[in-house]
Structure formats: structure tokens, C-alpha cells
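There are 2 protein chains.
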Amino acid sequence: MGGWKKVLADAGYRVTRPRKVVVEVLGQAEVPLGAQEICELGRALHPDLGLVTVYRTLDLLEELGLACRVHLNGGCHGYLASVPGHRHRLLCERCGRSIEFLGRNDLDVLIANLEAKTGYRIHEHLLQLLGLCPECQAQR
Amino acid sequence: MGGWKKVLADAGYRVTRPRKVVVEVLGQAEVPLGAQEICELGRALHPDLGLVTVYRTLDLLEELGLACRVHLNGGCHGYLASVPGHRHRLLCERCGRSIEFLGRNDLDVLIANLEAKTGYRIHEHLLQLLGLCPECQAQR
DNA sequence: ACTTTAGTTGATAGTTTGTTTCAATAAGGA
DNA sequence: TCCTTATTGAAACAAACTATCAACTAAAGT
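Those sequence lines, one after another, are chains A and B.
For what it's worth, my numbering labels the leading residue of the first sequence as 193, then goes sequentially.
For what it's worth, my numbering labels the leading residue of the second sequence as 193, then goes sequentially.
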């Protein structure tokens with residue numbers, strides 16, 4: 193609850209009202225949110241909040257690793273707050289709740305093998321798992 | 193180069209001209225294509241091809257595992273032809289060329305661990321790696 | 001605290017992307 | 001070949017995202 197301000201400032205960006213609001217909304221969210229939704233929720237805190245700014249702020253937060261784009265099975269992406277360094281997500285298909293987890297060595301081994309085999313130099317990876325959370329399993 | 197017809201037929205769908213065209217275009221492509229692009233390329237083979245049909249066909253092919261949605265770092269998804277069973281991709285960030293590979297046990301181990309730790313039941317996963325292919329590395 | 005200045009904002013308009021509807025068409029079995 | 005019904009494509013619509021630009025405000029200097 194404050195680290196993000198330093199990240200913004202260190203990168204030469206300003207800590208503004210709308211940005212605070214977007215970070216706040218993302219921080220509260222348990223489920224990936226679209227830009228539209230973030231804007232509506234944010235207006236409870238700052239009625240003048242504009243949709244355009246939400247888009248811009250999301251791009252910015254993503255660039256700084258403070259938020260991440262989530263790819264759902266059907267229609268694409270919502271956003272979630274992100275702890276830098278945690279790159280991988282586990283999402284519940286029914287309720288949308290998510291957990292971040294650290295990429296284990298398993299993945300590093302896989303990547304190293306692939307680099308050797310293909311000649312590619314890999315520097316980004318996107319791993320997302322979909323399933324049912326314990327609560328949603330119980331409801332069946 | 194005909195397996196897809198059987199897959200369609202077995203699932204109760206018809207093998208139509210526009211579908212052939214979309215499959216053909218995807219099969220030739222070395223790079224993820226958007227619906228718009230597929231439509232334009234497809235019109236070389238079938239001038240009447242409609243954009244709406246391309247969207248519908250892509251959804252269908254994805255559902256049957258014959259094509260897959262690819263998530264790029266910036267703006268979302270293009271499509272690629274897909275060999276069923278190969279769920280993972282390695283994409284070159286510069287030229288867009290891609291390789292499919294089989295999810296190794298590394299990933300299965302990771303998933304089993306997570307299920308045990310979180311109580312989630314995982315049944316889908318999305319793994320995508322981004323990097324530079326050998327050709328693009330050489331060009332620098 | 002006051003001023004300055006450059007990053008930031010938000011309304012409007014525009015573009016791109018995807019969806020709904022529905023009459024016309026064509027695939028595939030009889 | 002005929003018949004049934006899935007499938008198609010145009011047009012209209014809806015959603016998602018972007019460009020522009022005058023007004024505003026955060027933050028550094030005085």
C-alpha cells in the first residue's frame with residue numbers, strides 16, 4: 193500500500209488522483225476487471241474519472257509490472273493488480289478468483305531445454321492455469 | 193492434410209467452402225493472423241468470403257482444437273493453425289514465427305503441486321513463450 | 001506559500017473489432 | 001436429383017480502444 197508510488201516516481205511519472213483511484217480499485221478487486229468496470233467502480237471515489245485515463249493508466253501499470261493483463265478462455269483480457277516478480281496466475285473459471293504463484297524451477301528447466309533445442313532466445317513467458325477453486329467445486 | 197475434415201464431420205459440422213478457405217489460409221500462415229487479415233487473404237481463394245464467417249469459423253476451429261488463439265504482448269490475439277495435443281507455443285517477438293511444442297512433465301509436476309497446495313482443480317493451461325528466433329538474433 | 005512548467009487529464013469524435021439478425025444459399029443424406 | 005437444415009454474408013448494431021487538444025494539476029524551484 194504505497195510501494196507503487198515509489199515505482200511510479202522512480203520511473204519519472206507523477207502520482208495523480210486518477211492513478212491512485214485505479215490502483216485502489218485494482219487492489220480491492222478479487223476478480224479480473226475490464227477497463228469499463230474499473231472506470232465505473234473508480235467513479236465512486238472520484239466522479240470525474242475518465243475512461244481514457246483508465247486505459248492509459250492500465251497500460252502504464254502493466255508496463256511497470258504493477259498490474260497484469262489476464263487472458264480468459266473466451267473473450268480477452270481483464271486486469272489484476274500484480275506483485276512484481278510473480279508472473280504466473282491460477283484462475284477459477286467460474287468465480288474468477290485468482291492466485292498468483294512463483295514460477296518454479298520446473299519452468300526454468302523447460303525453457304532452458306527449449307532454448308537449446310530450438311535456438312530461440314526466450315525472455316518472456318506467459319503461464320496461466322484455469323480450473324475450479326475449492327468453493328466452486330463444493331457447489332457442484 | 194485432410195484430418196480436419198473428419199474432425200468437423202465427426203462433430204456434426206459441415207465441410208463448406210468458406211471453412212476450407214480459412215483452414216487453408218491458416219495452414220499457410222507462418223505468423224499469427226487476425227480475423228481481418230484472414231478474410232483478406234481468403235478472398236484470393238474465394239472472393240465472396242465474409243468477415244462474419246471468418247469469426248464464426250475461427251470460434252469453431254478453436255473449439256475443435258484445430259486453431260488456437262495466440263496472446264501477444266501488446267494488443268490481443270491472432271490465430272494459428274494448431275496440431276491437436278500440442279498446447280504450447282514459442283513465438284518470435286520480431287518476426288512472429290512460431291513453434292509448437294509438447295507440454296513436458298515439468299509442467300505436469302508444477303500443476304500437481306499447485307493443486308495439492310491450493311485445492312484448485314486445474315484443467316486448462318495456457319503457456320506461451322516469447323523470444324527471438326535464430327534468424328532475428330542474427331540480424332542484430 | 002506562490003509561481004512555473006511540463007506531465008496528465010477528460011470530453012468528443014473517430015477507428016477498429018466483434019456480434020446480432022435474417023433472407024438467401026449450399027452441403028449431404030434420402 | 002430433391003429436400004432438409006446447417007451455413008453464409010450483408011447490413012446494422014454494439015463494444016472496445018485510440019487520437020486530439022484545451023484545461024488542469026503535481027512537483028520542483030523561488
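Glycine is no exception: its CB is placed at the ideal position from the N, C-alpha and C atoms.
Report the rounded CA-to-CA distance for residue i versus residue j, giving the unit in angstroms.
i                 : j                 : result
LEU252 of chain B : LEU256 of chain A : 36 Å
ILE314 of chain A : LEU283 of chain B : 9 Å
ARG209 of chain A : ALA259 of chain A : 17 Å
PHE293 of chain A : VAL199 of chain A : 22 Å
TYR247 of chain A : GLU316 of chain A : 23 Å
VAL207 of chain B : GLN331 of chain B : 43 Å
ALA221 of chain A : ALA201 of chain B : 44 Å
GLU285 of chain B : HIS263 of chain B : 12 Å
ALA304 of chain B : GLY234 of chain B : 43 Å
TYR205 of chain B : LYS212 of chain B : 13 Å
LYS197 of chain A : ALA203 of chain A : 10 Å
GLU232 of chain A : PRO224 of chain A : 14 Å
ASP300 of chain A : SER290 of chain B : 20 Å
TYR312 of chain A : GLU254 of chain A : 25 Å
ALA236 of chain B : GLY226 of chain B : 16 Å
GLY195 of chain A : SER274 of chain A : 12 Å
VAL217 of chain A : HIS280 of chain A : 21 Å
CYS287 of chain A : GLN320 of chain A : 16 Å
THR249 of chain B : LEU318 of chain B : 22 Å
LEU322 of chain A : GLU307 of chain B : 11 Å
PRO326 of chain A : ARG261 of chain B : 28 Å
HIS269 of chain B : GLN329 of chain A : 30 Å
GLY219 of chain A : HIS238 of chain A : 16 Å
TYR271 of chain A : THR310 of chain B : 22 Å
Where DSSP assigns a beta bridge to residue i, which residues make up the other side?
i                 : result
VAL262 of chain A : A:GLY270
CYS328 of chain A : In DSSP, CYS328 of chain A forms no bridge with anything.
CYS146 of chain B : In the structure displayed, chain B extends from 193 to 332; residue 146 of chain B sits before or after that span and is not available.
GLU292 of chain B : B:ARG281
ILE314 of chain B : A:GLY323
LEU241 of chain B : Its beta-bridge partners do not exist; DSSP assigns none.
LEU225 of chain B : B:TYR271
Is residue i close to chain B? Criterion is C-beta to C-beta, closer than 9 Å.
i                 : result
ARG248 of chain A : no
GLY195 of chain A : no
TYR271 of chain A : no
THR245 of chain A : no
ARG235 of chain A : no
ASP298 of chain A : yes
GLU311 of chain A : Sequence check: residue 311 of chain A is Gly here, not Glu. Interface residue, yes.
LEU253 of chain A : no
GLU292 of chain A : no
LEU319 of chain A : yes
I'd like to know whether the C-beta of residue i is nearer than 9 Å to at least one C-beta of chain A.
i                 : result
ARG209 of chain B : no
PRO239 of chain B : no
CYS284 of chain B : yes
GLN331 of chain B : no
GLU316 of chain B : yes
ARG206 of chain B : no
LEU258 of chain B : no
VAL301 of chain B : yes
CYS325 of chain B : yes
LEU322 of chain B : yes
LEU200 of chain B : no
With respect to 8 Å, is the separation between the Cβ of residue i and the closest non-hydrogen atom of the ligand ZN below this value?
i                 : result
THR310 of chain A : Ligands displayed in this structure: none; no statement on the ligand ZN is therefore possible.
Could you round the C-beta distance between residue i and residue j to whole angstroms and report it? I think they count as a contact, below 8 Å.
i                 : j                 : result
ILE230 of chain B : VAL215 of chain B : The pair is not a contact, with the Cβ atoms about 10 Å apart (cut-off 8 Å).
LEU302 of chain B : ASP298 of chain A : 4 Å
What are the residues of the segment 215 to 231 of chain B that lie near chain A, defined by any Cβ-Cβ distance shorter than 7 Å?
none
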